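Protein chains in written order, with the working numbering: chain Z, 260 to 538; chain P, 260 to 538.
C-beta atoms are modelled at their ideal positions from N, C-alpha and C, and glycine is treated no differently.
No experiment lies behind these values; they were computed from the predicted model shown.
Structure record follows, encoded as structure tokens.
Here you go:
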């Protein structure tokens with residue numbers, strides 16, 4: 260495994276971690292000040308500045324864009340809705356290219372309104388990814404399918420295991436680096452097939468996200484923990500990922516009503532310390 | 260699929276559904292009054308009356324005991340703790356026999372205190388089930404391994420997919436009806452492998468539990484929904500289960516701070532109505 264203690268070179272900040280305190284400009288400055296070389300911004304922040312300007316600011320700061328959050332969310336109750344989602348993803352690919360993102364994070368989407376058909380929703384996701392692949396290829400923007408925890412299956416993302424993400428890659432773009440997966444310890448740590456599916460993913464792993472699972476978890480969306488404060492064996496999962504040859508960024512993404520109340524420099528100092536000691 | 264609308268013969272009440280309103284004696288009377296022929300009591304309630312007396316009351320009321328909640332919870336930080344858990348399970352088997360339960364529900368247990376090793380916890384569960392199997396066989400009490408939703412993996416139950424439960428059956432007691440699985444729609448509805456694993460379970464299915472997944476879910480433990488109020492396609496899952504030949508009880512188990520505040524006869528009336536119309 261890589262030696263994280265002596266270097267921050269693989270560390271990246273997902274800007275959602277400090278989204279209540281800092282806009283993108285402030286987050287870029289924060290990364291520079293704390294020696295964090297990577298950043299993963301969200302679409303609303305990039306669109307607020309314009310993708311060209313956002314890309315210029317990030318490049319001028321010397322930061323790497325480790326991922327762009329987020330595309331996908333393809334499910335909709337009718338053709339017009341699905342078409343609109345695809346169009347929006349085409350724009351997201353263009354924005355990702357403009358800011359130089361290493362990948363666009365792609366989520367599934369939940370059940371369409373009025374539906375309880377998870378298999379149908381999953382088919383819509385497959386079709387949506389297939390529809391944007393040619394444009395992603397032309398733009399040179401890799402798509403990283405991120406399975407979300409099964410507790411989000413119905414409302415947010417119906418791709419819930421790394422096995423499903425790997426299956427989608429096999430079905431849509433086998434052996435093509437334009438399509439891969441994002442592994443977030445929060446979403447996959449529980450999976451009894453995790454070691455096998457990480458090994459299967461291999462070079463498809465485009466992103467690795469860390470945070471922690473708090474016990475108890477008080478809110479299903481907004482109570483993620485800082486690394487080390489919860490029950491996920493992060494070094495174990497990192498070891499599985501790195502044994503595939505992964506040498507890319509380690510991105511910190513924490514949605515937390517608790518950490519959003521803290522002073523943002525304290526958040527980044529804590530991230531740096533925990534990255535060196537418990538990731 | 261069976262015709263539920265015209266008969267309540269397969270309906271069972273898990274007493275947790277009205278645990279804040281009724282003790283076991285009252286729940287037995289409630290089942291009789293509402294025409295619910297099955298009941299699944301919890302250990303604290305049975306122990307409060309004594310297993311012999313509880314069994315007598317249930318038999319005198321003409322009810323079937325569709326399951327006994329609950330055994331398992333084998334994980335512990337040391338040998339003494341694991342031994343105590345096994346001893347407690349041996350007593351649970353005896354109680355299940357005394358009340359004539361069709362099966363003892365077996366949960367995994369969460370991470371032992373101080374551990375983040377889910378694979379180790381899962382091995383402890385396997386060893387725990389293996390340790391009580393001979394006594395279960397001697398007592399004629401079938402053990403139903405119930406996978407819980409992955410959001411409970413770390414704190415409550417590290418067996419989180421029907422595939423794992425099936426694997427445990429294969430490993431510990433292949434082709435032996437003493438060991439099987441319980442399928443609860445709340446815990447498994449999200450699983451992309453669900454149809455295949457239900458088919459694989461086949462005659463191992465000892466129990467089928469229903470409730471619903473609310474959107475949003477406000478509490479990870481105590482906000483289950485009444486059937487029809489959420490996003491689970493219950494008839495679809497029931498169809499998968501019945502296509503294996505399952506002809507056993509359909510047990511309603513709802514942990515809900517909302518329904519616990521309602522008048523218990525209203526709860527049972529609603530269960531009967533929803534059982535006839537949306538299960």
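First through last residue of the beta strand (DSSP E) which encompasses residue i
| i | result |
| --- | --- |
| residue 469 (chain Z) | 464–469 |
| residue 542 (chain Z) | The displayed coordinates of chain Z run from 260 to 538. Any statement about residue 542 (chain Z) would go beyond what the structure contains. |
| residue 297 (chain P) | 297–299 |
| residue 483 (chain Z) | No beta strand (DSSP E) contains residue 483 (chain Z), which DSSP labels as neither H nor E. |
| residue 543 (chain Z) | Residue 543 (chain Z) is absent from the model: chain Z starts at 260 and stops at 538. |
| residue 329 (chain Z) | 327–331 |
Whole-Å CB distance - residue i paired with residue j, under 8 angstroms assumed
| i | j | result |
| --- | --- | --- |
| residue 327 (chain Z) | residue 360 (chain Z) | 4 angstroms |
| residue 491 (chain P) | residue 446 (chain P) | Not confirmed; about 10 angstroms, so no contact. |
| residue 485 (chain P) | residue 493 (chain P) | Not really, about 11 angstroms apart at Cβ, beyond 8 angstroms. |
| residue 297 (chain Z) | residue 274 (chain Z) | Between residue 274 (chain Z) and residue 297 (chain Z) the Cβ distance is about 11 angstroms, and since that is not below 8 angstroms, they are no contact. |
| residue 425 (chain Z) | residue 408 (chain Z) | Wrong, their Cβ atoms sit about 17 angstroms apart, outside the cutoff. |
| residue 285 (chain P) | residue 314 (chain P) | That belief does not hold up - the Cβ atoms of residue 285 (chain P) and residue 314 (chain P) are roughly 17 angstroms apart, past 8 angstroms. |
| residue 454 (chain P) | residue 499 (chain P) | 5 angstroms |
| residue 374 (chain Z) | residue 380 (chain Z) | 7 angstroms |
| residue 289 (chain P) | residue 527 (chain P) | 6 angstroms |
| residue 231 (chain Z) | residue 287 (chain Z) | The structure shown does not extend to residue 231 (chain Z), since chain Z spans only 260 to 538, so no value can be given for it. |
| residue 390 (chain Z) | residue 345 (chain Z) | 5 angstroms |
| residue 260 (chain Z) | residue 497 (chain Z) | 6 angstroms |
Where the alpha helix (DSSP H) containing residue i begins and where it ends
| i | result |
| --- | --- |
| residue 227 (chain Z) | The first residue shown for chain Z is 260 and the last is 538, placing residue 227 (chain Z) beyond what the model contains. |
| residue 434 (chain P) | Looking at the DSSP string, residue 434 (chain P) is not in any alpha helix (DSSP H), and its letter there is neither H nor E. |
| residue 364 (chain P) | Unbroken run through residue 364 (chain P) is the beta strand (DSSP E), 363–366; no alpha helix (DSSP H). |
| residue 283 (chain P) | 283–293 |
| residue 272 (chain P) | Per DSSP, residue 272 (chain P) belongs to no alpha helix (DSSP H); it is in the beta strand (DSSP E), 270–273. |
| residue 415 (chain P) | Looking at the DSSP string, residue 415 (chain P) is not in any alpha helix (DSSP H), and its letter there is neither H nor E. |
| residue 249 (chain Z) | Only positions 260 to 538 of chain Z appear in this structure, which leaves residue 249 (chain Z) out of reach. |
| residue 381 (chain P) | 377–398 |
| residue 460 (chain P) | 453–460 |
Among the options, the one whose alpha carbon lies nearest that of residue i
| i | options | result |
| --- | --- | --- |
| residue 354 (chain Z) | Z:340, Z:330, Z:371 | Z:330 |
| residue 533 (chain P) | P:421, P:502, P:505, P:509 | P:509 |
| residue 268 (chain P) | P:504, P:338, P:503, P:325 | P:325 |
| residue 469 (chain Z) | Z:372, Z:441, Z:377 | Z:441 |
| residue 450 (chain P) | P:365, P:428, P:439, P:423 | P:423 |
| residue 352 (chain P) | P:438, P:501, P:456, P:263 | P:438 |
| residue 544 (chain Z) | Z:305, Z:283, Z:443, Z:272 | Nothing about residue 544 (chain Z) can be reported from this structure: the residues present for chain Z run from 260 to 538 only. |
| residue 431 (chain Z) | Z:456, Z:388, Z:398, Z:406 | Z:388 |
| residue 405 (chain Z) | Z:308, Z:344, Z:514, Z:365 | Z:365 |
| residue 392 (chain P) | P:513, P:350, P:372, P:416 | P:350 |
| residue 335 (chain P) | P:299, P:369, P:421 | P:369 |
| residue 367 (chain P) | P:386, P:338, P:504, P:465 | P:386 |
| residue 279 (chain P) | P:303, P:261, P:295 | P:303 |
| residue 459 (chain P) | P:287, P:309, P:502, P:531 | P:502 |
| residue 481 (chain P) | Z:481, Z:483, Z:476 | Z:476 |
| residue 399 (chain P) | P:363, P:421, P:377, P:427 | P:363 |
| residue 317 (chain Z) | Z:307, Z:332, Z:333, Z:299 | Z:299 |
| residue 263 (chain Z) | Z:526, Z:348, Z:308, Z:506 | Z:506 |
| residue 281 (chain Z) | Z:305, Z:429, Z:341, Z:463 | Z:305 |
| residue 524 (chain P) | P:277, P:261, P:377, P:341 | P:277 |
| residue 471 (chain P) | P:504, P:465, P:513, P:457 | P:513 |
| residue 291 (chain P) | P:311, P:371, P:319, P:309 | P:319 |
| residue 511 (chain P) | P:531, P:495, P:522 | P:531 |
| residue 465 (chain Z) | Z:489, Z:435, Z:347, Z:474 | Z:435 |
| residue 443 (chain P) | P:346, P:260, P:538 | P:538 |
| residue 517 (chain P) | P:473, P:536, P:496, P:504 | P:473 |
| residue 593 (chain Z) | Z:489, Z:270, Z:529, Z:332 | No statement about residue 593 (chain Z) is possible, as the shown extent of chain Z runs from 260 to 538 and does not include it. |
| residue 461 (chain Z) | Z:421, Z:488, Z:397, Z:283 | Z:421 |
| residue 452 (chain Z) | P:377, P:265, P:496 | P:377 |
| residue 456 (chain P) | P:478, P:483, P:427 | P:427 |
| residue 519 (chain P) | P:463, P:337, P:483, P:504 | P:483 |
Proximal chain A residues relative to residue i, where beta-carbon distance stays under 9 angstroms
| i | result |
| --- | --- |
| residue 382 (chain P) | Any reference to chain A falls outside this structure, whose protein chains are Z and P. |
Quiz prompt | Interface residues of the region 443–468 of chain Z facing chain P [CB-CB below 7 angstroms] | solution = Under the 7 angstroms Cβ criterion, the region 443–468 of chain Z contributes 449, 451.
Quiz prompt | Runs of beta strand (DSSP E) wholly within the region 485–533 of chain P (minimum 3 residues, chain order) | solution = As far as the region 485–533 of chain P is concerned, its whole beta strand (DSSP E) runs of at least 3 residues are 509–511.
Practice problem: Could you list the residues in the region 417–438 of chain Z with a C-beta less than 9 angstroms from some C-beta on chain P, going in chain order? | Solution: The residues in question are 417, 418, 419, 420, 422, 423, 426.
Practice problem: Name, going along the chain, the residues of the region 348–378 of chain P whose beta-carbon falls closer than 9 angstroms to a beta-carbon of chain Z. | Solution: Correct list: 369, 370, 374, 375, 376, 377, 378.
Self-check item: the region 490–517 of chain Z: positions lying closer than 9 angstroms to chain P by Cβ
Solution: The residues in question are 490, 491, 492, 493, 495.
Quiz prompt | chain Z contacts made by the region 320–339 of chain P, where a contact means CB separation under 7 angstroms | solution = Flagged: no residues at all.
Quiz prompt | Contact list for the region 273–291 of chain P against chain Z, Cβ threshold 9 angstroms | solution = Listed by position, the residues of the region 273–291 of chain P near chain Z (Cβ gap below 9 angstroms) amount to none.
Self-check item: the region 384–410 of chain P: positions lying closer than 9 angstroms to chain Z by Cβ
Solution: Here the close residues are 408, 409, 410.
Practice problem: List in chain order: all unbroken alpha helix (DSSP H) runs of 4+ residues lying wholly within the region 299–323 of chain Z. | Solution: If you keep only unbroken alpha helix (DSSP H) runs of at least 4 residues inside the region 299–323 of chain Z, you get 302–308, 310–319.
Practice problem: Below 8 angstroms between beta carbons is the criterion; list the residues of the region 472–485 of chain P that meet it against any residue of chain Z, in chain order. | Solution: Considering only beta carbons, the part of the region 472–485 of chain P lying closer than 8 angstroms to chain Z consists of 472, 474, 475, 476, 479, in chain order.
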